[in-house]
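What follows is one structure encoded as structure tokens, with my remarks underneath.
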Amino acid sequence: MTVISRMPAAASNAHRHSTRYSALWWLGLLLLCAPYLQGGLVKLTDFDSALAEIQHFGLASSGLATTVMAIGTIALELGASVLVLSGRGRSLGALALGAFTLMATFIANRYWMAPPAERFAQANSFYEHLALTGAWLLVAVASRPGRGKTSHAGNTH
495 MTVISRMPAA
505 ASNAHRHSTR
515 YSALWWLGLL
525 LLCAPYLQGG
535 LVKLTDFDSA
545 LAEIQHFGLA
555 SSGLATTVMA
565 IGTIALELGA
575 SVLVLSGRGR
585 SLGALALGAF
595 TLMATFIANR
605 YWMAPPAERF
615 AQANSFYEHL
625 ALTGAWLLVA
635 VASRPGRGKT
645 SHAGNTH
């Protein structure tokens with residue numbers, strides 16, 4: 495068997511590997527976006543709870559500011575997820591979700607201030623969210639333009 499006759503099989507294997515890898519990459523992105531899609535949709539369908547969450551953390555001082563912040567949070571969670579999943583502006587969406595997650599982590603998971611009974615769960619949540627922030631940074635780097643015709647991140651340029 496010559497090298498030429500083996501090339502189609504090699505190309506076919508490479509295509510299968512690439513397709514499988516792309517499917518896993520997209521599934522990973524979907525799983526990373528899941529909490530933001532869920533959170534955005536729940537806030538959208540139960541806007542009063544979105545307002546209550548913002549008030550609970552003391553993030554806004556007036557009714558209008560609370561409403562604007564809730565709308566902005568919904569837009570960010572859903573909009574950035576769409577950017578990530580669609581592949582258009584994926585790096586921007588990933589950076590936005592990473593920054594949002596990091597900020598929310600320091601607002602909602604201040605385990606060092608929690609009562610002793612809550613400290614363990616708060617610390618776990620804090621570090622899980624830090625890891626999620628790291629995952630978004632990796633997505634942003636892997637998805638940046640100029641990684642070649644087809645990057646390992648499943649983007650085509």
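Residue numbers (this note's numbering): 495 to 651.
The C-beta atom is built at its ideal place from N, Cα and C for all residues, glycine as well.
Treat the numbers as computed from the prediction; the structure is a model and nothing was measured.
Since residue i is in the alpha helix (DSSP H), which residue starts that stretch and which ends it?
i    : result
S555 : No alpha helix (DSSP H) holds S555; DSSP gives it neither H nor E.
R584 : 584 to 602
R613 : 610 to 636
Less than 8 Å between the CB atoms is what I'm expecting for residue i and residue j, so what's the real figure, rounded?
i    : j    : result
L572 : T560 : Going by Cβ atoms, the distance from L572 to T560 rounds to 19 Å, so no, they are not a contact pair.
S580 : L531 : The pair is not a contact, with the Cβ atoms about 13 Å apart (cut-off 8 Å).
V635 : L526 : So it is not a contact: roughly 14 Å between Cβ atoms.
W630 : A602 : Contact doesn't hold; Cβ gap of about 17 Å is too wide.
Exposed or buried, what is residue i when buried is set at 16 or more other beta-carbons lying within 10 Å of its beta-carbon?
i    : result
N618 : exposed
A564 : buried
T539 : exposed
T585 : This sequence places Ser at residue 585; Thr is not what is there. That one is buried.
Looking at residue j and residue i, is the spacing between their C-beta atoms short of 9 Å?
i    : j    : result
R604 : F620 : yes
- Taking 8 Å as the threshold, find out whether the stretch 578 to 592 comes into contact with the stretch 521 to 531 through three or more Cβ pairs. Yes: the two stretches touch, three or more of their Cβ pairs being nearer than 8 Å.
- For the stretch 587 to 594 against the stretch 545 to 559, are there 3 or more C-beta pairs whose distance is under 8 Å? By the C-beta criterion, the stretch 587 to 594 is judged not to be in contact with the stretch 545 to 559, since fewer than 3 inter-stretch pairs fall below 8 Å.
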